[in-house]
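Trainee:
Residue numbers (our numbering): 19 to 227.
#1: For a quick check, are the C-beta atoms of residue 114 and residue 175 less than 8 Å apart?
#2: Whose CA, out of 218, 227 and 224, lies closest to the CA of residue 70?
#3: Assuming residue 64 and residue 46 form a contact by the criterion Cβ under 8 Å, report the distance between their Cβ atoms to the nearest whole angstrom.
#4: In the DSSP assignment, find the unbroken beta strand (DSSP E) run with residue 180 in it and report its ends.
#5: Could you work out which residue in 140, 221, 212 and 199 is closest to residue 48 when comparing CA atoms only?
#6: If you draw a straight line from the alpha carbon of residue 34 to that of residue 205, how long is it in whole angstroms?
#7: Mark residue 129 as exposed unless 16 or more other C-beta atoms lie within 10 angstroms of its C-beta, in which case mark it buried.
#8: Return helix, strand or coil for residue 58, following the three-state DSSP convention.
#9: Helix, strand or coil for residue 137? Go by DSSP, reduced to three states.
#10: Could you check where the beta strand (DSSP E) with residue 161 kicks off and where it finishes?
#11: Which of helix, strand or coil does DSSP assign to residue 209?
#12: Give me the Cβ distance between residue 97 and residue 156, rounded to the nearest whole Å; I'm assuming they're in contact under 8 Å.
#13: Residue 75 by DSSP, collapsed to three states: which one?
#14: Check the DSSP bridge columns for residue 45 and list the partner residues they point to.
#15: Measuring CB atoms only, is the region 151-170 touching the region 120-137, in the sense that at least three cross pairs come out at less than 8 Å?
#16: Per the DSSP calculation, residue 110 is bridged to which residue(s)?
#17: Across the region 71-91 and the region 99-108, are there enough close Cβ pairs to call them in contact, namely three or more that are closer than 8 Å?
#18: Hey, would you say residue 191 sits closer than 8 Å to residue 79, going by beta carbons?
Right, here's the structure in full:
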């Protein structure tokens, strides 16, 4: 007998694929996507990424955090820069988690713009295979809804990163930064997806739930 949960997850996955294509198309049509191009097939960079990063800095859990995990995608580079400017330890997932994670001590950084890039993080960071305990997480998304259901680009790496953080610290909260166009009424969720608690856009900070 077919597993009902497996069949349900497959149906959700198909709906997610359609939703990704729609969001990428709308971002291009509205002119809000930013390099690297094309935005299709990736966590899309967007107009207002710097403003969204500034909104993250007002989140109470971020303010209290000493160690912050941030995804390596282009639109989260301003968040990584903010983490270092704020004197917090930055933990960055390596692309597709090929090399685990990079830990960057702000006291050892002289150029935060350089250190917030992938190439710069490799120069100044320390590689670790498994995630260390973190106090806050910031990810990107293709789409998200106000209940905190996050849609990534399809690789599942963002969910793996958040889940790893929650295994070490079950109270850890997560945020996404994205354009307001990416905030939808409803995003399908499968059993393996990790919810987020905050959405920071160029226009507003939303508390999910």
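All residues carry an ideal CB built from backbone N, CA and C; glycine is no exception.
Mentor: Once the coordinates are examined:
#1: yes
#2: 218
#3: Going by Cβ atoms, the distance from residue 64 to residue 46 rounds to 11 Å, so no, they are not a contact pair.
#4: Premise fails: residue 180 lies in the alpha helix (DSSP H), 175-186, not in any beta strand (DSSP E).
#5: 199
#6: 8 Å
#7: exposed
#8: coil
#9: helix
#10: 161-163
#11: coil
#12: 5 Å
#13: coil
#14: Answer by DSSP bridge pairing: none, since residue 45 is not bridged.
#15: no
#16: 88 and 120
#17: yes
#18: yes
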